[in-house]
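Novice:
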Amino acid sequence: MDVAALAGVSAGTASKALNGTGQLRAETRERVRRAAEQLGFTPDPLGRGLSSGRSYTVGLITTDSFGRFSIPVMLGAENALGAGEMSVLLCDSRDDPLREQHYLRTLLARRVDGIIVTGRRTDPRPRLAAPVPVVYAFTPSQDPRDTSLVADQAGGATAAVQHVLDLGRRRVAHVTGPADHHATQVRRAAVERTAGGALVGPVLHGDWSERWGRLAADLLLRRHPDVDAVTCGSDQIARGVCDGLRDAGRRVPQDVAVVGFDDWDVIALASRPPLTTVNLGLEALGRRAGELLLEAVAGDPSPGTTTMPTRLVVRESTVAV
1 MDVAALAGVS AGTASKALNG TGQLRAETRE RVRRAAEQLG FTPDPLGRGL
51 SSGRSYTVGL ITTDSFGRFS IPVMLGAENA LGAGEMSVLL CDSRDDPLRE
101 QHYLRTLLAR RVDGIIVTGR RTDPRPRLAA PVPVVYAFTP SQDPRDTSLV
151 ADQAGGATAA VQHVLDLGRR RVAHVTGPAD HHATQVRRAA VERTAGGALV
201 GPVLHGDWSE RWGRLAADLL LRRHPDVDAV TCGSDQIARG VCDGLRDAGR
251 RVPQDVAVVG FDDWDVIALA SRPPLTTVNL GLEALGRRAG ELLLEAVAGD
301 PSPGTTTMPT RLVVRESTVA V
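Heads up, the sequence shown is in full-length UniProt numbering, so the first residue is 1 and it goes up one at a time.
1. Quick one, are the C-beta atoms of P140 and P126 less than 7 Å apart?
2. Residue range of the alpha helix (DSSP H) that R223 falls in?
3. Give, in chain order, every unbroken run of the beta strand (DSSP E) that is at least 3 residues long and sits entirely within the stretch 221-293.
4. Skipping 5 residues on each side, what residues in its chain have a beta carbon closer than 7 Å to that of G281?
5. Go ahead and pull the three-state DSSP assignment for V164.
6. Relative to the C-alpha of A129, which candidate in T147, A109, L104, R120 has its C-alpha closest?
7. Contact between the stretch 289-303 and the stretch 249-259 is defined here as three or more beta-carbon pairs at a separation below 8 Å; is this criterion met?
8. By alpha-carbon positions, which one of P303, T276, G304 ends up nearest to R315?
9. With H, G and I counted as helix, E and B as strand and the rest as coil, what does DSSP make of A129?
10. In whole angstroms, what is the alpha-carbon distance linking S209 and V161?
11. Below 8 Å on the Cβ atoms is my contact criterion, and I expect T118 with T62 to pass it. Report the Cβ-Cβ distance as a whole number of Å.
12. How about R169 and D226: do their beta carbons lie closer than 7 Å?
13. Could you give the residue range of the alpha helix (DSSP H) that holds L107?
Below is the structure:
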């Protein structure tokens, strides 16, 4: 073996140094590393896996076919896992339990070291019965003993309402998604708690669409023509509200301030005007999920639910420029 010869060690010692195994002195490992670097040698991951009992691969199972939430989570996870020289295998279950079980069997057959589970909704989901470490990102497990990471939706909704109140708005409406969705319920409760007497009328529920936002704007102006701020459960809804207000002759933000939720750039930045919205911090959430999975694979799991911070991003839909 050329690396071993250049480093002046045996082939077995060189293999241990490159694979991070065995009891070797630090200077020996460094000498082997320099020799490998000089020769342009890259350790064989399959051979390393066979010698360590690991595959250095991780599965990521998602229900988010569109990728709006799972792709940022995956990017963050890959950043963390890449530092541990792990590869990620993405599987889309499409909300089908049978498909999910098929992917689980496939991943286990590939001897993955662990699994990250994510999705497009924040409703707690049944735990994944797997003999390897599992971390739930954005979509938490129903079992509090599992390792789950969630975004601070309540904190984000609170910041959105407080922002418009700080701007002097005192007639605030809330337009959001289906009443039975966990995200809707958490965000609505925070809005109602923060807005208090400034909230005009009951919260308006519909689907997560621009069309619903336009319809909701019309309803609001009919029922509460003096409304001066609208917080929304998603960016799609907020963009529709902006369109509906503009069609009715109301200026955003001069007459009515509008806040979205999710900071989906293709929607928030294309809105007229660009949306003030709540960024969910999905990439950071995914990065932390990757770190927790690496720790669990190393034998140091962190059971329980961790809440990751969200951030209000202020743009022209609330502050005129």
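Ideal Cβ placement from N, Cα and C applies to all residues, glycine included. All values derive from a computational prediction rather than experimental measurement.
Specialist: If we stick to the structure as given:
1. no
2. 210-223
3. 229-232, 257-259, 277-279
4. A151, M308, P309, T310, R311
5. helix
6. L104
7. no
8. T276
9. coil
10. 21 Å
11. 5 Å
12. no
13. 97-109
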